[in-house]
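Asks: This structure is in structure tokens; I'll ask about it shortly.
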Amino acid sequence: MKITKDEVAHVANLARLDLDEAATVKFAGQIGNILEYVDTLNRANTDGVPPTSHAIFITNAFREDEVHEHLDRDAALANAPEKEDGNFVVPKIIG
Amino acid sequence: MKLHELTIGKAHELLKQKEISSRDLTMAVLDRINDIEEKVGAFITVSDKTAMEQAEAADKTISKGNISPLTGIPLSIKDIICTKNLRTTCASRILENFVPPYDATVINKLKRAGVVIVGKVNMDEFAMGSSTENSGIKITHNPWDLTRIPGGSSGGSAASVAADMCLGSLGSDTGGSIRQPASHCGVVGMKPTYGRVSRFGLVAFASSLDQIGPVAKDVTDCAVLMNAISGYDLKDSTSVPKDVPDYTSFLDFFEDGLKGVTVGIPSEYSATSGLDPEVSSAVNNAINKIKELGAQSVEISLPHTKQAVAAYYVIAPSEASSNLARYDGVKYGFRDKDKKSLIEMYKSTRSAGFGPEVQRRIILGTYSLSSGYYDAYYKKASQVRTLIMEDFKKAFKTCDVILSPVAPAPAFRIGEKTDDPLNMYLSDIFTLSANLAGIPGMSVPCGFSANGLPIGLQIIGNHFNEKMLFKVAYNFEQATEFHKKKTNL
């Protein structure tokens, strides 16, 4: 088994997902199969090969520090599930 | 010919000569959607009211003598591209009621060109999938055979174009999501070079791979759409400040039109297990046709083809797990309001809002990036990505374009692969390397299976060499009849 049920549950918690027992077991099997396939990466010799995170060579993309057109507060809040006085509302964090 | 069956090029001529109005054209397209949407299921939202307003505005512009190649042309847009005041769901329950307060840059450009947007089309949730079956909203059927998938993730784009429910569409391609559905639905699709088209307003899946591109009825329309959407954008720091040529200027067909062009045939691809004999034969016939048109062919090698799938299914989920962290039930989208603590609210919102494939990829990506596994998975995959880029670099020293199948087999039946994600991932083998390398790729119709399913030819080129793809695709298209065939719908 490439990934155990407990590891799936641990990673799900890190990713803020709430999996039930059946989903955890199913994902462990499916992700295990995928990771086994991913092991084909080991057939490539990558000694001294630099990693690529971006396929097009662009260095720092600077721009002038100027104010451009932007969303006003009402537009930015328009889709918020809960809002109050121009703010996003979240469940109480500090007791 | 019925108005909804027109290509963009032909409709433009008729609009210009004032033989038809955009109002007539848009009404014909909306009627067509109304007639067959129940069978095809391509649309998440039909924006009939704003479409008619846009059509009337386009007619006014035309009457003043101002017409661009896209003025008054009805298009559909993949529901992952933000459209101001028009719901954009990503086919996800978590964004089911999201109404963007701004337009994506490509939408801005299209609106300035005077297009009519007839609606937002279905896709795999957050573009994760190859069949559109991962949509959290509905199932889309292949217009050539309603029991089959249209491909994915831009399945709604390809199906709506093939079924004449629009004249063209925009999709997005992270590992083949424009080319593969275009192939399965018998239409033309292009994934441009990474950085050619702005991603501002494209909901992010895997930011180093995602690219917006056109889905069209023929190569000419594809070039017209590319002209309209390409170019540098200050709002996308990964877009590239490079002049955009007029892509329609490379559409020139004549005998020996491909003389001087060298096409590369990857030796690894013919040995791919699971390559359907009908696909193989259609693609071989296409290669022969292209040689008859004057092109030379050379065998090339892309030795890391097999590892490309593995590298992709580490890199794409890793980036996705990070990008999708933003769906927390606070700023927009669905929220489970019953939960009292913040962490519980996050978890229950995300678990109820995301479908199984999205959750699977978030877990796979989080795992690949987690402490202790990062070197073995994410870093290793990123090194293999370098090797894949070097393979292409070497190949393009001896050829101008690479020819291959798009998908290993024609469209499969709805439900056939849903329980086997790895099997579904493996079907992306021919397309995802282009995303890893950031190079452009295109699908053009090149045949039909014995039971009438479309087959596509993939043409891949070097960075920013879209013009060569257009040249090869156009000459092939003009010498063949595949793009003229219509569905029975």
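Those protein sequences? They're chains A and B, same order as listed. In this text, residue positions in the first sequence follow our numbering: the first is 1, and each later residue adds one. In this text, residue positions in the second sequence follow our numbering: the first is 1001, and each later residue adds one. Every residue, glycine too, gets a C-beta built ideally from N, C-alpha and C. The structure presented is a predicted model; accordingly, all values stated were derived computationally and were not measured.
Reducing DSSP to helix, strand and coil, say where glutamine 1017 (chain B) ends up.
Replies: If DSSP states are grouped into helix, strand and coil, glutamine 1017 (chain B) belongs with coil.
Asks: Taking only beta-carbon atoms, is aspartate 1328 (chain B) less than 9 angstroms away from chain A?
Replies: Yes, contact with chain A.
Asks: Could you round the C-beta distance between isoleucine 34 (chain A) and leucine 1422 (chain B) to whole angstroms and report it? I think they count as a contact, below 8 angstroms.
Replies: With 8 angstroms as the limit, isoleucine 34 (chain A) and leucine 1422 (chain B) qualify as a contact, their Cβ atoms being about 5 angstroms apart.
Asks: If you follow the beta strand (DSSP E) that valine 1283 (chain B) is in, where does it begin and where does it stop?
Replies: Here valine 1283 (chain B) belongs to no beta strand (DSSP E); instead the alpha helix (DSSP H) covers 1277-1292.
Asks: For arginine 1361 (chain B) and alanine 1320 (chain B), I'd like the C-alpha separation in whole angstroms.
Replies: Their backbone Cα atoms lie some 7 angstroms apart in a straight line.
Asks: Pick out whichever of B:Met1128, B:Gly1447, B:Leu1489 has its Cα sitting closest to the Cα of alanine 1479 (chain B).
Replies: Nearest option by C-alpha distance: B:Gly1447.
Asks: Check methionine 1190 (chain B) in the structure and name its three-state DSSP category.
Replies: In this structure, methionine 1190 (chain B) counts as strand in the three-state DSSP scheme.
Asks: Which first and last residues belong to the beta strand (DSSP E) in which proline 1454 (chain B) is found?
Replies: Its beta strand (DSSP E) spans residues 1454-1461.
Asks: I believe valine 1224 (chain B) touches leucine 1070 (chain B) by the beta-carbon criterion, under 8 angstroms. Please report the beta-carbon distance rounded to the nearest angstrom.
Replies: Contact flag correct, Cβ pair sits at about 7 angstroms.
Asks: Whose Cβ in chain A lies nearer than 9 angstroms to the Cβ of leucine 1436 (chain B)?
Replies: Within 9 angstroms Cβ-Cβ: Thr52, Ala55.
Asks: Given this structure, state the Cα-to-Cα distance separating arginine 43 (chain A) from valine 49 (chain A), to the nearest angstrom.
Replies: Arginine 43 (chain A) and valine 49 (chain A): Cα-Cα distance of roughly 14 angstroms.
Asks: Please return the same chain residues whose Cβ sits closer than 7 angstroms to the Cβ of serine 1177 (chain B), not counting the five positions on each side in sequence.
Replies: So the qualifying residues of the chain are Ala1127, Gly1152, Ser1153, Ser1154, Gly1171.
Asks: Helix, strand or coil, according to DSSP, for valine 1121 (chain B) in the structure here?
Replies: It is a strand residue.
Asks: Shortest alpha-carbon distance to alanine 1228 (chain B) belongs to which of B:Thr1248, B:Asp1236, B:Lys1217?
Replies: Of B:Thr1248, B:Asp1236, B:Lys1217, the residue nearest in Cα terms is B:Thr1248.
Asks: Please determine, among B:Lys1471, B:Ile1455, B:Ala1473, B:Ala1381, the residue with the shortest C-alpha to C-alpha distance to serine 1433 (chain B).
Replies: Residue B:Ala1381 is the option with its Cα nearest to serine 1433 (chain B).
Asks: Would you report the Cα separation of serine 1021 (chain B) and asparagine 1435 (chain B), rounded to the nearest angstrom?
Replies: Each residue's Cα considered, the two are about 39 angstroms apart.
Asks: Can you name the start and end residues of the alpha helix (DSSP H) that cysteine 1222 (chain B) belongs to?
Replies: Counting along the chain, the alpha helix (DSSP H) containing cysteine 1222 (chain B) begins and ends at 1219-1229.
Asks: For aspartate 1476 (chain B), write down the residues that DSSP places opposite it in a beta bridge.
Replies: It should be noted that the sequence gives phenylalanine, not aspartate, for residue 1476 (chain B). BP columns for phenylalanine 1476 (chain B) are empty, so no partner.
Asks: Taking serine 1348 (chain B) and aspartate 39 (chain A) to be in contact with their CB atoms under 8 angstroms, please state how far apart those CB atoms are, rounded to whole angstroms.
Replies: Not really, about 34 angstroms apart at Cβ, beyond 8 angstroms.
Asks: Under the rule that 16 or more other beta-carbon atoms within 10 Å means buried, what is glycine 1065 (chain B), buried or exposed?
Replies: Label assigned to glycine 1065 (chain B): exposed.
Asks: Taking contact to mean 3 or more Cβ pairs, one atom from each stretch, closer than 8 angstroms, check whether the stretch 1397-1409 of chain B and the stretch 1177-1186 of chain B are in contact.
Replies: Touching, yes.
Asks: If we call anything under 9 angstroms between Cβ atoms a contact, is valine 1188 (chain B) one with alanine 1216 (chain B)?
Replies: The answer is yes: Cβ separation under 9 angstroms.
Asks: If contact means a Cβ-Cβ distance below 7 angstroms, which residues of the stretch 22-51 of chain A contact chain B?
Replies: Within the stretch 22-51 of chain A, the residues whose Cβ lies closer than 7 angstroms to some Cβ of chain B are Phe27, Gln30, Ile31, Asn33, Ile34, Tyr37, Val38, Thr40, Leu41, Arg43, Ala44, Thr46, Val49, Pro50, Pro51, listed in chain order.
Asks: So, at 7 angstroms on beta carbons, what are the nonlocal neighbours of glycine 1114 (chain B) in its own chain, with the 5 sequence-adjacent residues on each side left out?
Replies: Contacts found: Ala1058, Thr1061, Ser1068, Leu1070, Thr1071, Gly1072.
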